[in-house]
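Heads up, the thing below is written out as structure tokens.
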Amino acid sequence: MSAASAVSTAVQVLGGIVLAPLLPGLVQHWKARLQGRRGPTPLQPYRELRRLWGKSMVDPEGSGPIYRLAPVVVAAALVGAVLVVPVAQSAPTLGLGHDALLLLGLLALARFAVASASWDVSNGFSLMGASRDLTLSVFVEATFILSLAVAALTSGTTDLRGVVAGTAGIGVWKSPALALGAVSFAFVVIAETGRQPVDNPDTHLELTMIHEGPLLEYAGRDLAYLQWAAAARHWLVLVLAAEVFLPHPHGVWLQLAVLPVALVPLCAALAIVETILAKMRILLVPRLLAVGAAAALLGIAAWIAGAA
Amino acid sequence: MTGALLVAGLGAIALGGVLCVLRRGFSTGLAVQTVGAAGVAVAGFWTLGSSASLGDGFSSSFAPRLGVDGLSGLFLGILGLIAVPALAFSVRYLRPGPNGRAVGALTALFVLALALVLCGRDPLTFLVGWESMTLIPAVVILVSRGADRRARRTVFNYLALTHLGGAGTWVAILLLAHAGAIGGQTTIASGSGLQIAIALSALAGMGTKAGVMPLHVWLPRAHPIAPAPVSALMSGVMIKVALYGLVRVLLDWDGVLPVWFGVLVLAAGAFSALGGVVYALFEHDLKRLLAMHSIENIGIIVLGIGASIVLRARGADMWAAFALAAALLHCVNHAVFKALLFLGAGAFERAVGSLEIDRLGGLLRRMPWSGGAFLVGAAAIAGLPPLNGFASEWLTLQALLHIPRYGHVGDGVAGALALAALAATAALAVFCFVKVVGLVLLGAPRTPAVAAAEEQPLPMRAALVFLALACVALGVAPGVLFGPLVGLAPWPSAHATQLGLYLPGTGSLPTVGIALVLVAVTIALALLRGNRRAAPAPNWASGQLVEPALNWTSSGFTKPLRLVLELVLRPQREISSRTVGGVLQQVAYSGNVPHLIEDRLYRPAERMAFRAAVHARRLQTGSVGTYVVYLIALVLVLLVAVRLGVIG
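Protein chains in written order, with our numbering: chain A, 14 to 321; chain B, 3 to 650.
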């Protein structure tokens, strides 16, 4: 293993596991500033995790083994996903490989686990959140795979390392396919991170929760795992956005150097979107995502027309 | 050697069937059948692995010929693999009364008919097997349901539809035999009218039998009312055998089909996949829900076949072979998890007495073995790593992704749409099986009968656990089957046999590594978490008391999707309230999601057929004089036609 791939692996694993909570922290911090509040520090998610880690877990009455297993399975699926998404064009396979479509499978596993847990506690609010999450996932997944398909066609492989290498340069400014893919992926980023206008991460009203709903009954370390998983989802999609759909240089060292430069403005962009847009009606979200899917389809058509 | 094992296996099944009829021999008969089925499975997979043909080759002549090649071997393997647990399950599931014995004997006949389709090497044997595999399940349903009027009507529908649609099979096979294309004596010219006629009639005829939308309406009615082991064989094997015919015709005998036909097959696949899973979501009966899911999975397999046709027409032979292998691997996988789920439903039905999905709950605690196996099957059909459903869905997605790479704009965009449809289907399947797992296995029991449910006897549990282990094994090592399956393509193709799936132009799927990492990380995180738990607390319901009336139902859980798809699905909803003296006394709610294809297509067609029959009956006066007039009129018309030179 060369030094470059060793360092990129270290950034990938440690960054995905340790730095992930910083990303939602940054978004919340800047959102507060934009709204004229002082707000929490960007390190607030770490404080929350530390607090939760010290507390005991609570089983609601009537819950069973699936409820207890779910947080662990969700966290394991997200650890797997972190191992799948590389931060540069060179990295060892880490046992899972780096296939883009495997990422979708792992996210589906996490969704299945958390929604089953809602049935196990049979809490109405949890189930409401789970059913909304699953409804939106149908449209998110279709858009997600189409935007990944644009990147895969451009680079000739679904291996994410190859995709990072194949889209390097300023392709996104020059090729209409990749530009349309980037537009479509922006919708995926907002939906997967559970942010406005799709979901409201700050809500405390049970009736409006989507991603927070199924977490309602959890406490202690269970909740810590689930909150880390939500942060890891930010890491995954923002790294993909930075290393695939935004302009990035060739070569591992430069890609590693550019990653923080890209992640910080992406978090700022999320904060700005959250500040200027209100949450939409949930039944309108599929239309929003359909726009993203249509953009990706156009991108694919543009790629075929360009390649022929 | 392999041939002898196959013949011995089939002989044992026949012997077991005869034993079942005898009063004393019921259990022995089923056991002998199970052993025979195991022999068939081994012989089938062995033929696939060794890629050697046994017996006769294909021929367009009508002399009876029997033989086995790799593709037949694969499907014989599936047949055996599903028949073993289904028969073992029957030992305790069927009661050794006259009905049970008849069903046991008919199961043997059903398995033999399926084997006949797979081993037939001439058009006649193939068609004889094809018709018997349609007729025997009808007999089974009639025998097991006795004088049930609804069952009789369903069987009538099933036979009418599969025969009307199935006529396409006859047309396709007879046209092929006439052209001498079965067995490759002649090749059919690409793009010729004959080729298209064969392909279209095969798609309609065999598609009806496989349950491809919109020709599927018989399937969700017929599969659920059969006894559970026969449902497992129907959903697991019979509809796959129909696809075996489709693969033979479309990819081998009919030559290289044009791109547009491949796109048509893709459209049929995407429509079946999405339609099947969407209507499954709104089903309330567990077995009907599973039957709708068979339509979804048939759609996924047909997507693979369509991708193979398009890629072959575009000259991408390697990926065409991968697409076909993906479809065939999904055949195996779907057979395994669908048999598991149907048998599991049979176990629940036997324990509880009802499969109304809103009236179960908490069965994982009451029946840990059956429930646990059912949970594995649900996760597998939902396409979750590291189980088998994910491996073949991943392959199909990759094949679809390669259509834009090799195609032009039209078929490329069609491939991309199919890709999005399959991704949405996978997400909907997760949705649907979360609902099933939640309502059937988790939470609190919803009726006293469910609270008293008992675990089933050993042979039934063993059958379920065996299939669950098969789901895991096929998920961890799909490459073992995938390698030989790539070699089955009628054009030159080969792929190394490995444990995982390593394909050029993809990130590859090291399935063993994925399973190990997921399990290891899960265990590590569980240990890290420890088990410091406070006393159980009641559920949070905004301060309200949690009572059974607040339980979520299937309709409630799927409501957001129903609202989002309102324009397409046109759900019906009715709320009636009764007020006495200005005080609300009672509110009743009823709603359902109508099956649009049935309501808009089949009902009008049925009505028109009956109306036409009424008119036709006027001709049947019953008086001899009228008939003589008809005959004279016919002779006159013929004479005039001959004189004018139209005929003769």
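Every residue, glycine too, gets a C-beta built ideally from N, C-alpha and C. Just so it is clear, the structure is predicted and the values come from calculations on it, not from any experiment.
Contacting positions in the stretch 53 to 66 of chain A - beta carbon closer than 7 Å to chain B | none
Report the three-state DSSP secondary structure of A/I223 (helix, strand or coil).
-> Taking the first residue of the first sequence as position 1, residue 223 of chain A is located at position 210. It is coil, neither helix nor strand.
Identify the contact partners of B/V415 in chain A, using a Cβ-Cβ distance below 7 Å as the criterion.
-> On the second sequence, residue 415 of chain B is found 413 positions in, with the first residue counted as 1. Per Cβ cutoff of 7 Å: L310, I313 and A314.
State yes or no: is the C-beta of B/A422 within less than 8 Å of the C-beta of A/A155?
-> On the second sequence, residue 422 of chain B is found 420 positions in, with the first residue counted as 1. On the first sequence, residue 155 of chain A is found 142 positions in, with the first residue counted as 1. Yes, these two residues count as a Cβ contact at 8 Å.
Among the residues of its own chain, which have a CB less than 6 Å from the CB of B/F273, if the five just before and after it don't count?
-> Counting from one through the second sequence, the residue named residue 273 of chain B turns up at place 271. M215, listed in sequence order.
C-beta contact flag for B/A329 and B/G301 at 8 Å = Reading the second sequence from its first residue, position 327 is the one you call residue 329 of chain B. Reading the second sequence from its first residue, position 299 is the one you call residue 301 of chain B. Result no, Cβ atoms of B/A329 and B/G301 do not sit closer than 8 Å.
Buried or exposed: where does A/H263 fall if 16 or more other Cβ atoms within 10 Å of its Cβ makes it buried?
-> For the purposes of this step, residue 263 of chain A is taken as the residue at position 250 of the first sequence. Label assigned to A/H263: exposed.
Do you know offhand how far B/A528's Cα is from A/V85's?
-> Locating residue 528 of chain B in the second sequence gives position 526, where the first residue counts as 1. Locating residue 85 of chain A in the first sequence gives position 72, where the first residue counts as 1. So the alpha carbons of these two residues sit roughly 6 Å apart.
Residue environment, B/Y632, which counts as buried when at least 16 other CB atoms sit within 10 Å | Within the second sequence, numbered from 1, the residue matching residue 632 of chain B stands at position 630. When all chains shown are included, B/Y632 counts as exposed.
Please decide whether A/G319 counts as near chain B, where near means a Cβ-Cβ distance under 8 Å.
-> Counted from its first residue, the first sequence places residue 319 of chain A at position 306. For A/G319, the answer is no, since every Cβ of chain B falls outside 8 Å of its Cβ.
Proximity winner among B/A43, B/L283 and B/L17, relative to B/G5 (alpha-carbon distances) = By 1-based counting over the second sequence, the position of residue 5 of chain B is 3. Ranking B/A43, B/L283 and B/L17 by Cα distance to B/G5 puts B/A43 first.
If you measure from the beta carbon of A/A121 to each beta carbon in chain B, is any gap under 8 Å?
-> On the first sequence, residue 121 of chain A is found 108 positions in, with the first residue counted as 1. Yes, because at least one Cβ of chain B sits closer than 8 Å to the Cβ of A/A121.
With distances taken between CB atoms, is the gap from A/G110 to B/F392 smaller than 8 Å?
-> Looking up residue 110 of chain A in the first sequence gives position 97. Looking up residue 392 of chain B in the second sequence gives position 390. Result no, Cβ atoms of A/G110 and B/F392 do not sit closer than 8 Å.
Status (buried if at least 16 other CB within 10 Å, exposed otherwise) for A/L266 | On the first sequence, residue 266 of chain A is found 253 positions in, with the first residue counted as 1. Note on residue identity: the sequence assigns Trp, not Leu, to residue 266 of chain A. A/W266 comes out exposed.
Could you check if B/T628 is buried or exposed, using at least 16 other CB atoms within 10 Å of its CB as the buried criterion?
-> Taking the first residue of the second sequence as position 1, residue 628 of chain B is located at position 626. Looking at its Cβ environment, which holds fewer than 16 other Cβ atoms inside 10 Å, B/T628 is exposed.
Assigned secondary structure, B/I297 (DSSP; H/G/I helix, E/B strand, else coil) = Translated into positions along the second sequence, residue 297 of chain B becomes position 295. DSSP places B/I297 in helix when its eight states are reduced to three.
Please list the segments of the alpha helix (DSSP H) lying wholly inside the stretch 24 to 95 of chain A, counting only runs of 4 or more residues, in order along the chain.
-> 35 to 47 and 57 to 66
Can you give me, in chain order, the residues of the stretch 97 to 120 of chain A that have a beta carbon less than 9 Å from any beta carbon in chain B?
-> If the cut-off is 9 Å between Cβ atoms, the stretch 97 to 120 of chain A has V97, T106, L107, G108, L109, G110, H111, D112, A113, L114, L115, L117, G118 and L119 near chain B.
Is there a Cβ from chain A that is less than 8 Å from the Cβ of B/F433?
-> As a working mapping, residue 433 of chain B is identified with position 431 in the second sequence. It does; some Cβ of chain A falls within 8 Å.
According to the Cβ coordinates, are B/I84 and B/A337 closer than 8 Å?
-> As a working mapping, residue 84 of chain B is identified with position 82 in the second sequence. As a working mapping, residue 337 of chain B is identified with position 335 in the second sequence. Closer than 8 Å, so yes.
Unbroken beta strand (DSSP E) run spanning B/A536, endpoints = Here residue 536 of chain B refers to the residue found at position 534 of the second sequence. Its beta strand (DSSP E) spans residues R535 to A539.
Where A/S168 meets chain B, residues with beta-carbon distance less than 9 Å = The residue you call residue 168 of chain A lines up with position 155 of the first sequence. Within 9 Å Cβ-Cβ: nothing; A/S168 doesn't reach chain B, min ~10 Å.
Name the one or two DSSP bridge partners that B/E358 has.
-> In the second sequence, residue 358 of chain B corresponds to position 356, counting from 1. DSSP output for B/E358 lists B/D287 as bridge partner(s).
Between the C-alpha atoms of B/I405 and B/D413, what's the straight-line distance to the nearest angstrom?
-> Taking the second sequence and counting its residues from 1, the one referred to as residue 405 of chain B is at position 403. Taking the second sequence and counting its residues from 1, the one referred to as residue 413 of chain B is at position 411. Taking the straight line joining both Cα atoms gives about 7 Å.
Contact between the stretch 357 to 374 of chain B and the stretch 265 to 284 of chain B (3+ Cβ pairs under 8 Å) = no
Using a Cβ-Cβ distance under 8 Å, would A/W132 count as near chain B?
-> Against the first sequence, residue 132 of chain A aligns to sequence position 119. Cβ-Cβ to chain B under 8 Å: yes for A/W132.
Near-chain B residues of the stretch 174 to 199 of chain A - C-beta to any C-beta below 7 Å = none
Under a three-way DSSP split, which group does A/N213 fall into?
-> Locating residue 213 of chain A in the first sequence gives position 200, counting from the first residue. A/N213: coil per DSSP, three-state reduction.
Which of the residues in the stretch 527 to 540 of chain B, read from start to end, lie with their CB under 9 Å from any CB of chain A?
-> L527, A528, L530, R531, G532, N533, R534, R535, A536, A537, P538, A539 and P540
From what residue to what residue does the beta strand (DSSP E) around B/R580 run?
-> As a working mapping, residue 580 of chain B is identified with position 578 in the second sequence. Unbroken beta strand (DSSP E) run through B/R580: Q574 to V582.
Quick one: using the 10 Å Cβ neighbour count with 16 as the cut-off for buried, is B/I525 buried or exposed?
-> Counting from 1 along the second sequence, the entry for residue 525 of chain B is found at position 523. B/I525 should be labelled exposed.
So is B/L386 in contact with chain A if we call contact Cβ pairs under 8 Å?
-> Here residue 386 of chain B refers to the residue found at position 384 of the second sequence. Answer yes: the Cβ-Cβ gap between B/L386 and chain A drops below 8 Å somewhere.
When the distance is taken between beta carbons, is A/L302 closer than 8 Å to A/A204?
-> Here the question's residue 204 of chain A lines up with position 191 in the first sequence. Here the question's residue 302 of chain A lines up with position 289 in the first sequence. Yes, they are a contact pair.
State yes or no: is the C-beta of A/C280 within less than 8 Å of the C-beta of A/V92?
-> The residue you call residue 280 of chain A lines up with position 267 of the first sequence. The residue you call residue 92 of chain A lines up with position 79 of the first sequence. No, Cβ-Cβ distance for A/C280 and A/V92 is not below 8 Å.
Could you tell me the distance, in whole angstroms, from the CA atom of B/A455 to the CA atom of B/A375?
-> Translated into positions along the second sequence, residue 455 of chain B becomes position 453. Translated into positions along the second sequence, residue 375 of chain B becomes position 373. Those two C-alpha atoms are separated by around 16 Å.
Taking the Cβ atom as the reference point for each residue, do A/Q268 and A/V177 lie within a distance shorter than 8 Å?
-> Within the first sequence, residue 268 of chain A is the residue found at index 255, counting from 1. Within the first sequence, residue 177 of chain A is the residue found at index 164, counting from 1. Yes, they are a contact pair.
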